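Chains A and B, in that order, are what the protein sequence lines are.
Numbering-wise (my numbering), the first sequence opens with residue -19 and increments by one.
Numbering-wise (my numbering), the second sequence opens with residue 39 and increments by one.
Notes to accompany the following structure.
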Amino acid sequence: MDSRTADKTPVETPAEALAQPKDGRSLRELAIRYGFLSLLVGLIVFFSLATRGFTSPQAAVFILQSVSITGILALGVTATLVVGGFDLSIGSIATSSMMAAAYVMVVLEQNALVAVLVCLAIGALVGLINGLIICYMRVPDLLATLGMMFLLIGLQRIPTEGRSIATGMTLPDGSTAEGTFSQAFLALGRHRFDLFIENLVPASVVVLIVLAILIWFFLEYTRFGRMMYAVGSNARAAEFAGAPVKAYRIWAYVISGVFASIGGILLAARLGRGDIASGNNLLLDAVAAALIGFAVLGAAKPNAFGTAIGALFVGVLLQGLTMMNVPYYTQDFVKGAVLVIALIFTFALLGRNAR
Amino acid sequence: MGDNAIFRIAGLTKAFGPNAVLRGVGLDLRAGEVTVLMGANGAGKSTLVKVMSGVHRADRGMMMLGDKPFSPATPAEAMRAGVVTVHQNINDGVVGALDVASNLVLDRLNGAGSGFFFNPRKVRREAREVAERMGLGIDLSAEVTDLPLADRQMVAIARAMAHEPQVMILDEPTSSLSSNEAERLFALIERLRARGVAILYISHRMSDIRRLADRIVSLRDGAIVGQFDEKPLDYEGAVNAMLGQNLGLHSIDARAAGAPVFSVRDLRIAPGAKPLSMELGAGEVVAVTGLVGVGKTRLAETLFGIHTPLAGSMRLDGRAYAPKTPASAVRDGVFLVAKDRASTGIVPEFNIYENMSLPFLPRFSNMSVTRRRAERQTAREQIADLKIVCRSERDDLATLSGGNQQKVTVARWLTQPSRLLILDEPFQGVDIAARHDIAAKLRESAGDRATLVFLTELDEALETADRILVMSENTIVGEHRNADVDMDRLLAEVAGQRLEPAGSV
Chain A
-19 MDSRTADKTP VETPAEALAQ PKDGRSLREL AIRYGFLSLL VGLIVFFSLA TRGFTSPQAA
41 VFILQSVSIT GILALGVTAT LVVGGFDLSI GSIATSSMMA AAYVMVVLEQ NALVAVLVCL
101 AIGALVGLIN GLIICYMRVP DLLATLGMMF LLIGLQRIPT EGRSIATGMT LPDGSTAEGT
161 FSQAFLALGR HRFDLFIENL VPASVVVLIV LAILIWFFLE YTRFGRMMYA VGSNARAAEF
221 AGAPVKAYRI WAYVISGVFA SIGGILLAAR LGRGDIASGN NLLLDAVAAA LIGFAVLGAA
281 KPNAFGTAIG ALFVGVLLQG LTMMNVPYYT QDFVKGAVLV IALIFTFALL GRNAR
Chain B
39 MGDNAIFRIA GLTKAFGPNA VLRGVGLDLR AGEVTVLMGA NGAGKSTLVK VMSGVHRADR
99 GMMMLGDKPF SPATPAEAMR AGVVTVHQNI NDGVVGALDV ASNLVLDRLN GAGSGFFFNP
159 RKVRREAREV AERMGLGIDL SAEVTDLPLA DRQMVAIARA MAHEPQVMIL DEPTSSLSSN
219 EAERLFALIE RLRARGVAIL YISHRMSDIR RLADRIVSLR DGAIVGQFDE KPLDYEGAVN
279 AMLGQNLGLH SIDARAAGAP VFSVRDLRIA PGAKPLSMEL GAGEVVAVTG LVGVGKTRLA
339 ETLFGIHTPL AGSMRLDGRA YAPKTPASAV RDGVFLVAKD RASTGIVPEF NIYENMSLPF
399 LPRFSNMSVT RRRAERQTAR EQIADLKIVC RSERDDLATL SGGNQQKVTV ARWLTQPSRL
459 LILDEPFQGV DIAARHDIAA KLRESAGDRA TLVFLTELDE ALETADRILV MSENTIVGEH
519 RNADVDMDRL LAEVAGQRLE PAGSV
């Protein structure tokens, strides 16, 4: 599906750009609206010409897979951005739930379903606590979730005394962990569905797409999503219109926590162990994707579609650069530069437009 | 004429994109005179002020200060040249995190010649000078965030006056001041006038204008359409010029109340306040008037469930009514158009129809999915009903003028039938035409609900209501049917006096 877009859109976009001004839109409005999408299309065209194999279905799926976990976290954090908050704890919620999944299966020897439920419960609970601290203790969102981030990074190491979790590991009491990752759980990270080609689409990509559509529909088309935007834009007006503002805020953090824990489940399923060292970049990558999303279609506000495109943009860029043999250690620099440019794009162009 | 004009504007034009906002403005300001600029919302007043104060550059035309051309590139340059502006939005004028003294000398802190180090003693000494010269009775060590809005405004004005300006522009400076404070401001303005400063005073308030104006200039559609400087000033002429039609001051036909809808018994809304009672009937519009700070907003918000009354009871349609939150008030059919639309009303990121459907989204959705077609249909009806000027119901709120934004926030609560509709200062920052549209719509739609409007301006109450209640010190002190109002008694009640007739309000 991704390769089809790559073939089709570059032909269409310039034609659209030429057709638009008769509606009385200025060039700058066009740039604000379609600038980032054109840039994405341009990148895809550039990489398909500059490298071999970039446009294959396998490469497209690989890109989607590489952004699936950060994308899911980014969609969650989008919910908190919508209500005017922020969630810095998503990265550590994801790694905590990865460790929890491993612990439940390897040490406690439970099945996949229990592991998944425990992870989701952790995400919801942490999100709930975040929301309660922010709404009722009046701790600013950044500080509350930063504190929660530290707490979780520490907490996830305590049960195993700081060691990664894998079958056969030695437990603190001297015994050996006998449990294994169940096959059903591992399938979440490794199973591939057929789509035209056999074994093409990984389960994590399917999860990403389903969640993206869900949260997009929720934010854009349900009254709850609308009220969340109202809370983020003018909380007092929302309150005076009869909205339970605090409840909406808390729900946003619960959504964020649950999405982050789903990301953690997929991470555990992909790695097949509870790796204490993984997931370092999750928070920054996810936040970058959500903020890049501000620039998509000139939204200038958090939105699910933009977040998905933002995650895709980063994935395309990194995959393309890797295929062009650009060294891996430049990746963070490239991501940072894209984020800064996207933010300038959003706030400079749109700020002037709004006046 | 014109020989003592110290500030001249000729042929000034300014357009934002395709919108020509100023179309050749010509204006003289004379030393030692207060020139009042009147204009409906969207006439170009704010833009004119911004060009004069260096925020925007004019496209064409010229400005002269004394005999030198004046075209400031920044507000700081305009200020140094001697043209000082006090903006409408009070919080643009003060820095909340600093104390009053620092605020008073703020622009000296970064002017040329100020040292690198901050000298608190020098700041306090200079601030004390400024405060004394301006008769500012505010504790200099107080934090600005702790001050009421009115005091913040006084601080901003005092600082602007400390520059010894030649020209001073005041953009609706009294819109959030009580009459007492406004009186202090007028005293300052008179002092400046006596010193020979040319003052441009922008206001909607007739009482201000009658009090201060030496001349009146009417702005309409980006051009000056009338200048009035012959005494006695022709106020009605100025209003008509600004509106381009004859609205006049019409008295209304006071209606009698229908069946009782809402009643309040012995309600105490603040510690130490006397209990208040009232009864509102179907179809009548009741105004509550009184000075700023007498508890009008407190009462409005208590009826809407934002505050809990200390004592007393309320009944709606014969049943006990005790809302705990705005949500429960809305469920019971009590709606509030809250004061200060920017902070309590509009959602700036939403368009018109999204703003209108905000409180009633459950009714505009099907299985929680919003029904945009129904929202837009309702919005279109309200736009037509209230004569909201916009391109379509999908316009962003930010693109509308203040009066039209206010119409949207009122319309929001008219989309669904209510039992009691409360409006707190619905005419704040709204031009006269929009005010008439809103008032007419309120009266026309009054139907079988009770309507309660809180208004500081007596003119507005007389123009809108069937019955007028007067508040003072958190309780109701008087009641008048709007047919044969005893103005002396009414004014005395407003002023908080029992018997002696009040001189002015």
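Backbone N, C-alpha and C define an ideal beta-carbon position, used for all residues, glycine too.
Just so it is clear, the structure is predicted and the values come from calculations on it, not from any experiment.
Inset, instruction - Confirm, please, whether the CB-CB distance from G244/A to I73/A is below 8 Å. - result: yes
Inset, instruction - Indicate the three-state DSSP secondary structure (helix, strand or coil) for L458/B in the structure shown. - result: strand
Inset, instruction - If I'm right that V318/A touches I289/A with Cβ under 8 Å, what's the distance once you round it to whole angstroms? - result: V318/A to I289/A, Cβ: 12 Å. No contact.
Inset, instruction - Report the neighbours of T202/A on chain B: residues whose CB is nearer than 8 Å to its CB, in chain order. - result: S403, S406, V407 and T408
Legend entry - chain A contacts from the stretch 114 to 133 of chain B (Cβ-Cβ distance under 9 Å): none
Inset, instruction - Determine, using beta-carbon pairs with one atom in the stretch 68 to 84 of chain A and one in the stretch 279 to 286 of chain A, whether at least three such pairs fall under 8 Å. - result: The answer is no - the stretch 279 to 286 of chain A does not touch the stretch 68 to 84 of chain A, with fewer than three Cβ pairs under 8 Å.
Inset, instruction - Between the Cα of I195/B and those of V143/B, A325/B and D486/B, spot the shortest distance and give me the residue it belongs to. - result: V143/B
Legend entry - Chain-ordered chain B contacts of M207/A [CB-CB under 9 Å]: L396 and L399
Inset, instruction - Please list, in chain order, all residues of the same chain as L285/B whose beta carbon is under 8 Å from its beta carbon, the five residues on each side excluded. - result: The predicted position of L285/B is uncertain, since its pLDDT is 40 and thus under 50; no value can be drawn from it.
Inset, instruction - Please go through the stretch 112 to 180 of chain A and give each complete beta strand (DSSP E) segment of 3 or more residues, from N-terminal end onward. - result: 172 to 175
Inset, instruction - Using only alpha-carbon positions, find the residue among M509/B, R46/B and R243/B that is nearest to L329/B. - result: When each option's Cα is compared against that of L329/B, the closest is M509/B.
Legend entry - Residue burial classification, Q415/B (beta-carbon count within 10 angstroms, cutoff 16): exposed
Inset, instruction - Note down, in chain order, all residues in the stretch 215 to 245 of chain A with a beta-carbon under 9 Å from any beta-carbon belonging to chain B. - result: R216, A217, A218, E219, F220, A221, G222, A223 and P224
Inset, instruction - Taking V385/B as the reference, give the member of H345/B, M352/B, T447/B and T502/B with the closest Cα. - result: The shortest Cα separation from V385/B among H345/B, M352/B, T447/B and T502/B belongs to T447/B.
Inset, instruction - Please look up how many angstroms separate the CB atoms of S77/A and G103/A, rounded, as I've assumed it's under 8 Å. - result: 6 Å
Legend entry - G154/A to Y83/A span [Cα, whole Å]: One C-alpha to the other measures close to 16 Å.
Legend entry - At least three beta-carbon pairs within less than 8 Å, the stretch 295 to 315 of chain A to the stretch 113 to 121 of chain A: no
Legend entry - Close-in-space but distant-in-sequence residues of the same chain around A417/B (CB under 7 Å, 5 per side omitted): I390, Y391, M394 and E431
Legend entry - Q136/A to M79/A span [Cα, whole Å]: Distance between the alpha carbons of Q136/A and M79/A is about 7 Å.
Inset, instruction - Specify, as a first and last residue, the run of the alpha helix (DSSP H) that H201/B falls within. - result: Looking at the DSSP string, H201/B is not in any alpha helix (DSSP H), and its letter there is neither H nor E.
Legend entry - Reduced DSSP secondary structure (H/G/I, E/B, other) of Q265/B: strand
Inset, instruction - Please go through the same chain and pick out, in chain order, the residues whose beta-carbon is closer than 8 Å to the beta-carbon of I258/A, but skip the five residues on each side of it. - result: First, the residue type needs correcting, since residue 258/A is Ser and not Ile in the sequence shown. Correct list, in chain order: T75, M78, L247 and L251.
Inset, instruction - Find the residues of chain A that neighbour F388/B, judging by a C-beta separation of less than 8 Å, and give them in chain order. - result: Y209, A210 and S213
Inset, instruction - Determine, using beta carbons only, whether L364/B comes closer than 8 Å to chain A. - result: With the sequence shown as reference, residue 364/B is identified as Pro, and Leu is not the correct amino acid for it. By this cut-off, P364/B is an interface position.
Inset, instruction - Work out the CA separation of A183/A and V296/A for me, nearest whole Å. - result: 20 Å
Inset, instruction - Go through the stretch 339 to 424 of chain B residue by residue and report every complete run of the beta strand (DSSP E) that reaches 3 residues or more, in order. - result: Entirely contained in the stretch 339 to 424 of chain B, the beta strand (DSSP E) runs reaching 3 residues are, in chain order, 349 to 354 and 372 to 375.
Inset, instruction - For L374/B, return the contacting residues in chain A, with the cut-off set at a CB-CB distance below 7 Å. - result: F220
Inset, instruction - Could you work out which residue in A530/B, L438/B, L529/B and T502/B is closest to N520/B when comparing CA atoms only? - result: T502/B
Inset, instruction - For chain B, find out if any of its Cβ atoms is closer than 8 Å to the Cβ of K315/A; answer yes or no. - result: no
Inset, instruction - Could you name the residues of chain A that S381/B contacts, counting a contact when the two beta carbons are closer than 9 Å? - result: N214, R216 and A217
Inset, instruction - Taking the CB atoms as reference points, tell me whether L318/B and V299/B lie closer together than 8 Å. - result: yes
Inset, instruction - Determine, using beta carbons only, whether E392/B comes closer than 8 Å to chain A. - result: yes
Inset, instruction - Starting from the beta carbon of M384/B, find every residue of chain A whose beta carbon is closer than 8 Å, and list them in chain order. - result: Going by the sequence as given, residue 384/B is Ile instead of Met. Taking a Cβ-Cβ threshold of 8 Å, the residues of chain A close to I384/B are N214 and A217, in chain order.
Inset, instruction - Could you check the C-alpha separation between K2/A and Q311/A for me, to the nearest Å? - result: Summary for K2/A: the model assigns pLDDT 42, below 50, so the residue's position carries little reliability; its value from the coordinates is reported in the next sentence. Going from the Cα of K2/A to the Cα of Q311/A covers about 41 Å.
Inset, instruction - Taking V368/B as the query, report the chain A residues whose CB atoms sit under 9 Å from its CB, ordered along the chain. - result: A221 and G222
Inset, instruction - Return helix, strand or coil for V74/B, following the three-state DSSP convention. - result: If DSSP states are grouped into helix, strand and coil, V74/B belongs with the strands.
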